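What follows is a single structure, written as structure tokens, with notes after it.
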Ligand code: UT7
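Numbering (the working numbering), first residue to last: 5 to 338.
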């Protein structure tokens, strides 16, 4: 066995995040679409979300700043990275990837770089893949980012999507570690492409499903069947967390933080209650940041990490679901 192929651990060295300064409140939204603060808070738990200034900010700038933030916290430079993965469905360009531009901006050349498209699962999928690439011996240090400028794809005349989404990026630096007990204890990723029509971003009219053809479609904007996604998510979320706990022998008592994709407070709360997880183990920031798709889990992780809430003794769980349809989990010991 070569040295690189030996069983190793994967350490999360540091985390980072970036959110735009601009806030969009429920009252602001009620001036754009037929909605109101009470309805939004009751149905989603959201009070406000952050929004990019399109002239100066976007997925690339947030991804760059979140990763720089994480590198600074780790005491590393861009040139220390061997690979950058950016989970996103809102890349400014399909070519080059956001990751390639982030690499250039942070001086990471010749690190490998690619974007990963798994919608709201972007960060959890990317973390799972990054840790597997380190464990395989192929890479030593990887920068993982989940970044999403949802406001660039939200149709602000559509009240089902405009109330939910915000902009954010979260990042983590992973490095090979000699201690095999440190790292990802369990990871799982799944998808059901037959459900793609519940959440899609059409670029051509040919792709618009029959049921949606009579609706006013704006190409390049997100279409969502909220009820359908809600139904899927409520069951899937619980199942995925349950599976992660079962596979690692953890329980509601022994697990640390369960970091959920911030989709809708009712979806998170349904899973939390069913699994009898205490409130303090299920972090919520959707009230302030809305649903930032691939940005959300990384942002939560960074906020918890910096608050000292990720404990060494207790493995924590990351869990997400989203367009595709996709779902994923990862259980980590730090
Ligand atoms: O990150 C993953 C992607 N997405 C999600 O996780 C989203 C999952 N889905 C949801 O979060 C929810 O389905 C929504 C928040 C999108 C909608 O909430 P809901 O409780 O499923 O509402 P609904 O679509 O069943 O609508 C209930 C009522 C309807 O009125 P009627 O037919 O009962 O008179 C809607 O027309 O609320 C009305 N409505 C609104 N009213 C005020 C729908 N959207 C709004 C709105 N403001 N923005």
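For every residue, glycine included, the Cβ atom is placed at its ideal position computed from N, Cα and C.
If you're wondering where the values come from, they're calculated on a predicted model, not measured in any experiment.
Would you mind sorting residue 215 into buried or exposed? The rule is 16 or more other CB atoms within 10 Å of its CB.
-> exposed
Residue 236 to residue 191, Cα distance in whole Å?
-> 20 Å
If you draw a straight line from the alpha carbon of residue 74 to that of residue 211, how long is it in whole angstroms?
-> 38 Å
If you compare alpha carbons, which of 304, 61 and 334 is closest to residue 246?
-> 334
Residue 169: which of 137, 112 and 54 sits nearest, CA to CA?
-> 54
For residue 99, is the classification buried or exposed, using 16 other Cβ atoms within 10 angstroms of its Cβ as the cut-off for buried?
-> exposed
Report the rounded CA-to-CA distance for residue 5 versus residue 327, giving the unit in angstroms.
-> Low local confidence applies: a pLDDT of 37 at residue 5 is under 50, so the model's placement there is unreliable, with the coordinate-based value given in what follows. Distance between the alpha carbons of residue 5 and residue 327: 40 Å.
Do you know how far the Cα of residue 196 is from the Cα of residue 189?
-> 24 Å
DSSP on residue 62, reduced to helix/strand/coil?
-> coil
How would you write the range of the alpha helix (DSSP H) that residue 34 sits in, first residue to last?
-> 30-34
Do residue 233 and the ligand UT7 come close, with the Cβ less than 7 Å from some heavy atom?
-> yes
Name the residue from 145, 266, 144 and 249 whose alpha carbon lies nearest to the alpha carbon of residue 258.
-> 249
Can you tell which of 110, 97, 177 and 225 has its C-alpha closest to the C-alpha of residue 159?
-> 225
Short check: CB of residue 14 to CB of residue 181, under 8 Å?
-> yes
What is the residue span of the alpha helix (DSSP H) that residue 164 lies within?
-> 163-166
Spatial neighbours of residue 318 in its chain, beta-carbon cut-off 6 Å, leaving aside the 5 residues before and after = 260
In the segment 67-131, which residue ranges form an unbroken beta strand (DSSP E) of at least 3 residues, counting only runs that do not cross its ends?
-> 87-91 and 116-120
Assumed close pair residue 290, residue 269 - CB separation to whole angstroms, cut-off 8 Å = 6 Å
To the nearest angstrom, report how far apart residue 217 and residue 43 are at their CA atoms.
-> 28 Å
Limits of the unbroken beta strand (DSSP E) element including residue 174 = 171-181
Which class does residue 19 belong to by DSSP, given the choice of helix, strand or coil?
-> strand
Inter-residue Cα distance where the pair is residue 57 and residue 153 = 10 Å
Per DSSP, residue 191 forms a beta bridge with which residues?
-> 334
Can residue 102 and residue 86 be called in contact, C-beta distance under 8 Å?
-> no
For the ligand UT7, is there a heavy atom less than 7 Å away from the beta-carbon of residue 295?
-> yes
Do residue 132 and the ligand UT7 come close, with the Cβ less than 7 Å from some heavy atom?
-> no
Consult DSSP for residue 233 and reduce its assignment to one of helix, strand or coil.
-> helix
Inspect the CB distances between the segment 172-181 and the segment 60-76 and report whether three or more fall short of 8 Å.
-> yes
Under three-state DSSP, which class holds residue 293?
-> helix
Tell me, please, which residues DSSP counts as bridged to residue 264.
-> 323
Kindly indicate which three-state DSSP category residue 37 falls into: helix, strand or coil?
-> coil
Let me know if residue 59 comes out buried or exposed under the rule of 16 or more other beta-carbons within 10 Å of its beta-carbon.
-> exposed
Hey, would you say the C-beta of residue 109 is under 7 Å away from at least one heavy atom of the ligand FMN?
-> The ligand FMN is absent from the structure shown, which contains only the ligand UT7.
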